[in-house]
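The listed protein sequences correspond, in order, to chains A and B. Sequential numbering of the first sequence, starting at 110, is according to our numbering. Sequential numbering of the second sequence, starting at 285, is according to our numbering.
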Amino acid sequence: MVENRPLLRLVTHLVLILGIVIIAIPIWLMLVAASHDGLRMLQVPTPLLLGGRFWENFVEALFGTGLEGTATAPVWLMLVNSLIMALSIAVGKIAISLLSAFAIVYFRFPFRMLCFWMIFVTLMLPVEVRIIPTFEVVANLGMLNSYAGLSIPLIASATATFLFRQVFMTVPGELVESARIDGAGPMRFFLDFLIPLSRTNIAALFVILFIYGWNQYLWPLIITTDQDKYTIVMSIKQMLEVAEQTPQWNVIMMTALLGMLPPVFVVVVMQKLFVKGLVESEK
Amino acid sequence: MQERVIFKTRSLPYLLVAPQIIITLVFFLWPAAQALYQSFLIEDAFGLGSEFVWLENYQVLFADSYYKDSFIRTIFFSLAVAITSMSFALILAGFADRVIKGALVYRTFLIWPYAVAPGLIGAMWVFMFDPTIGIFTYLLHFVGFDLNYKLDGDHAMALVILAAAWKQIAYNFLFFLAGMQAIPRSLIEAAAIDGASPLRRFWTIIFPLLSPTTFFLLVINTVYAFFDTFGIVHTITSGGPAQATEILVYKVFNDGFIGLDLGGSAAQSVILMFVVILLTVLQFRYVERRVQY
Chain A
110 MVENRPLLRL
120 VTHLVLILGI
130 VIIAIPIWLM
140 LVAASHDGLR
150 MLQVPTPLLL
160 GGRFWENFVE
170 ALFGTGLEGT
180 ATAPVWLMLV
190 NSLIMALSIA
200 VGKIAISLLS
210 AFAIVYFRFP
220 FRMLCFWMIF
230 VTLMLPVEVR
240 IIPTFEVVAN
250 LGMLNSYAGL
260 SIPLIASATA
270 TFLFRQVFMT
280 VPGELVESAR
290 IDGAGPMRFF
300 LDFLIPLSRT
310 NIAALFVILF
320 IYGWNQYLWP
330 LIITTDQDKY
340 TIVMSIKQML
350 EVAEQTPQWN
360 VIMMTALLGM
370 LPPVFVVVVM
380 QKLFVKGLVE
390 SEK
Chain B
285 MQERVIFKTR
295 SLPYLLVAPQ
305 IIITLVFFLW
315 PAAQALYQSF
325 LIEDAFGLGS
335 EFVWLENYQV
345 LFADSYYKDS
355 FIRTIFFSLA
365 VAITSMSFAL
375 ILAGFADRVI
385 KGALVYRTFL
395 IWPYAVAPGL
405 IGAMWVFMFD
415 PTIGIFTYLL
425 HFVGFDLNYK
435 LDGDHAMALV
445 ILAAAWKQIA
455 YNFLFFLAGM
465 QAIPRSLIEA
475 AAIDGASPLR
485 RFWTIIFPLL
495 SPTTFFLLVI
505 NTVYAFFDTF
515 GIVHTITSGG
525 PAQATEILVY
535 KVFNDGFIGL
545 DLGGSAAQSV
555 ILMFVVILLT
565 VLQFRYVERR
575 VQY
């Protein structure tokens, strides 16, 4: 920094470490709860240090039939469902947004601006404000309790379309000309030039959208009634309700831990792309 | 917009926009229109017929003290979430901006809560603050504070605010840090040479120059608290006790799916749409964005 103040430097590191600790307390307590047996977690005060049953709880949560007295699917199946949903949403959003951004930037056609504004309006219609009619549409289409119902209604994306539009607009016109002279049609240009050129943007957006898809709560909650299609994030509420009668905090916390692991892993490992995606998409 | 090189194929662009437009029409615009239409209807108790009543649902809503309470509660909730989360993030970013060694490590450990699902955060909070076994309930008991969020509405509200703010720290931190790093070093060095202390530099140079970021984050956090906190409220309190944490988004869900008051719920949806439109306009009108129109 600008000046040398050893004391201030010490305070800086202390504050940051304190911040990290405050942020990490919930996760630590989760880890602790997930490593003890169910009975120990009912004795007040609950432990603050790791116990020795982490592996047993892991196996029980992942492959067991869930909690006693619940109607949830086994956790591994819910993880698979969440993964399918998150991947379909991320890939779907990126695919249709690339296509529509390509159409809007590289073609002039009647109703072009209408299309643009229709896509823009979706920004203002989060699923929370139109749940019941959207639910009715999905029900009428027979898409309840299906992977299609879980993902397709969420894949329209104004943000992604605008982002790719910006990226495409920076591509020099000379490139298009030369591709055309070499005999490339529009789709060839799209596949061989535009997609490779927007590779990092696609990857950054993918990280953000994967997290978005994985963490969906309200939507899977209302459109799945069949436990084979439950996602891990939405089923935790049911487990908590059962916990009122027969609390098994070790299994619940292990399940929650498994449910947060994939997106957290993605953020930590692909941190650079994550930050890029977050700043670029700005919602 | 500058003149662009374009392709001249006639039908291709329609095929390209078709998937996006079809999904937008079927799952966004049509349901939104339905919500608008339903908000003018009152269904009879058996769901067999409905009557067109113009604005009666809205009149009922505005006369309903529960709805008014929920509106005020939501505004309080979003402000509390935004201020708590942003101040915490600002302090952390202010210090992180000074760090040279280990900056990446700090960042990694500060941003991961972004990835945790609201529903799972709810589970974590229920566990930590459970009236019987929660570790924080136990600790607070020692200092003479009896926490019971299942009975006390204020406790429930505080808990939901904390949980929602906790998740948003990561986002705010990243944007504050990016904003601080965009401030020219020469400005800060000049102030330092003039003898301004780090704290003084923060308040007279860094914080004022951050105001676009702060405003942007205020809008984003409000949108987040209004619409993305359903999972947190649903898992921790289910809107209770006695509607103490029933924010607007929760009320739409509760009145529509549980109470089956379709007209009333649709009217609430329409009002919420206006809130989103207002916030979006605010964001586009006053916040500098990289997207040009």
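Note that CB positions come from ideal geometry on N, CA and C, so glycine has one too. Computed from a predicted model, the values in this text were never measured in an experiment.
Buried versus exposed, by CB contacts within 10 Å (16 or more), residue i
| i | result |
| --- | --- |
| Glu112 (chain A) | exposed |
| Met139 (chain A) | buried |
| Lys385 (chain B) | exposed |
| Val351 (chain A) | buried |
| Pro482 (chain B) | buried |
| Gly543 (chain B) | exposed |
| Asn505 (chain B) | buried |
| Phe459 (chain B) | buried |
| Ser349 (chain B) | exposed |
| Ser206 (chain A) | buried |
| Glu530 (chain B) | buried |
| Gly294 (chain A) | exposed |
| Thr334 (chain A) | exposed |
| Met222 (chain A) | exposed |
| Val575 (chain B) | At Val575 (chain B), the pLDDT of 38 sits below 50, so the modelled position is not reliable; the number obtained from the coordinates is stated separately. Exposed: under 16 other Cβ atoms inside 10 Å. |
| Ser287 (chain A) | exposed |
| Arg573 (chain B) | Confidence in Arg573 (chain B) is poor, its pLDDT being 49 and thus under 50, which makes the residue's placement too unreliable to answer from. |
| Tyr390 (chain B) | buried |
| Trp226 (chain A) | exposed |
| Val378 (chain A) | exposed |
| Ser470 (chain B) | exposed |
| Tyr577 (chain B) | Only weak support exists for where Tyr577 (chain B) lies, its pLDDT of 33 falling under 50; the coordinates are left without a value. |
| Leu300 (chain A) | exposed |
| Phe383 (chain A) | buried |
9 Å Cβ cut-off: residues of chain A touching residue i
| i | result |
| --- | --- |
| His518 (chain B) | Tyr326, Leu327, Leu330 and Lys346 |
| Met464 (chain B) | The premise fails here: Met464 (chain B) is roughly 12 Å from chain A at the closest Cβ pair, so nothing lies under 9 Å. |
| Ser549 (chain B) | Ile240 and Ile241 |
| Gln322 (chain B) | Ile241 and Pro242 |
Residues sharing a beta bridge with residue i, DSSP
| i | result |
| --- | --- |
| Ser334 (chain B) | B:Glu327 |
CB contact flag (residue i, residue j, <9 Å)
| i | j | result |
| --- | --- | --- |
| Gly515 (chain B) | Val344 (chain B) | no |
| Met363 (chain A) | Asn166 (chain A) | yes |
| Leu532 (chain B) | Phe355 (chain B) | yes |
| Ile395 (chain B) | Val238 (chain A) | no |
| Gly403 (chain B) | Asn324 (chain A) | yes |
| Leu349 (chain A) | Gly406 (chain B) | yes |
| Ser390 (chain A) | Leu272 (chain A) | yes |
| Ile332 (chain A) | Gly386 (chain A) | no |
| Leu303 (chain A) | Ile203 (chain A) | no |
| Gly488 (chain B) | Gly463 (chain B) | Inspection of the sequence shows that residue 488 (chain B) is occupied by Thr rather than by Gly. No, Cβ-Cβ distance for Thr488 (chain B) and Gly463 (chain B) is not below 9 Å. |
| Leu125 (chain A) | Phe379 (chain B) | yes |
| Val365 (chain B) | Tyr534 (chain B) | no |
| Thr564 (chain B) | Leu232 (chain A) | yes |
Contacts that residue i makes with chain A (C-beta to C-beta distance below 7 Å)
| i | result |
| --- | --- |
| Gly403 (chain B) | Tyr326, Val342, Met343, Ile345 and Lys346 |
| Tyr422 (chain B) | Val153 and Pro154 |
| Trp396 (chain B) | Val373, Val376 and Val377 |
| Ser553 (chain B) | Val238 and Arg239 |
| Pro297 (chain B) | Ala212, Phe216 and Phe218 |
| Pro303 (chain B) | Ile205 and Leu208 |
Cβ of residue i within 9 Å of any chain C Cβ
| i | result |
| --- | --- |
| Gly161 (chain A) | The chain inventory of the structure shown lacks chain C, comprising the protein chains A and B. |
7 Å Cβ cut-off: residues of chain B touching residue i
| i | result |
| --- | --- |
| Tyr215 (chain A) | Ile290 and Phe291 |
| Phe211 (chain A) | Leu300 |
| Phe167 (chain A) | Ordered by position in chain B, no residue passes the 7 Å Cβ test against Phe167 (chain A), which lies about 17 Å from the chain. |
| Ala142 (chain A) | Phe411 |
| Val388 (chain A) | Ala462 |
| Leu117 (chain A) | Pro482 |
| Thr279 (chain A) | Neighbours of Thr279 (chain A) on chain B: none; closest Cβ ~11 Å, over 7 Å. |
| Pro262 (chain A) | Phe311 |
| Gly128 (chain A) | Leu376 and Leu394 |
Residue i: contacting residues in chain B (beta-carbon distance under 8 Å)
| i | result |
| --- | --- |
| Ala365 (chain A) | Leu404, Ala407 and Met408 |
| Met233 (chain A) | Met557, Val560, Ile561 and Thr564 |
| Val124 (chain A) | Ile375, Leu376 and Phe379 |
Neighbour list for residue i in chain B, Cβ cutoff strictly below 9 Å
| i | result |
| --- | --- |
| Ile384 (chain A) | In the sequence as presented, Ile is not what sits at residue 384 (chain A); that position holds Val. Neighbours of Val384 (chain A) on chain B, chain order: Arg391, Ile395, Leu458 and Ala462. |
| Gln380 (chain A) | Leu388, Arg391, Thr392 and Ile395 |
| Val246 (chain A) | Val310, Phe311, Trp314, Pro315 and Gln318 |
| Ile320 (chain A) | Tyr398, Ala399 and Ala401 |
Check: residue i C-beta below 8 Å from any heavy atom of the ligand FAD
| i | result |
| --- | --- |
| Ala366 (chain B) | By its list of ligands, the structure shown contains no ligand whatsoever, and the ligand FAD lies outside what it can speak to. |
List in chain order: all unbroken alpha helix (DSSP H) runs of 4+ residues lying wholly within the stretch 446-525 of chain B. As far as the stretch 446-525 of chain B is concerned, its whole alpha helix (DSSP H) runs of at least 4 residues are 469-477, 482-485, 495-511 and 514-520.
In chain order, which continuous runs of the alpha helix (DSSP H) of length 4 or greater are located wholly inside the stretch 338-420 of chain B? List check, alpha helix (DSSP H) in window: 340-347, 349-380, 387-395 and 402-413.
Could you name each continuous alpha helix (DSSP H) segment of 4 residues or more that falls completely within the stretch 240-318 of chain A, going from the start of the chain to the end? Correct list: 240-249, 256-260, 267-278, 282-290 and 295-298.
So within the stretch 168-225 of chain A, which uninterrupted alpha helix (DSSP H) runs reach at least 4 residues, ignoring any that extend past its ends? Contiguous alpha helix (DSSP H) elements confined to the stretch 168-225 of chain A occur at 184-215, taking only those with 4 or more residues.
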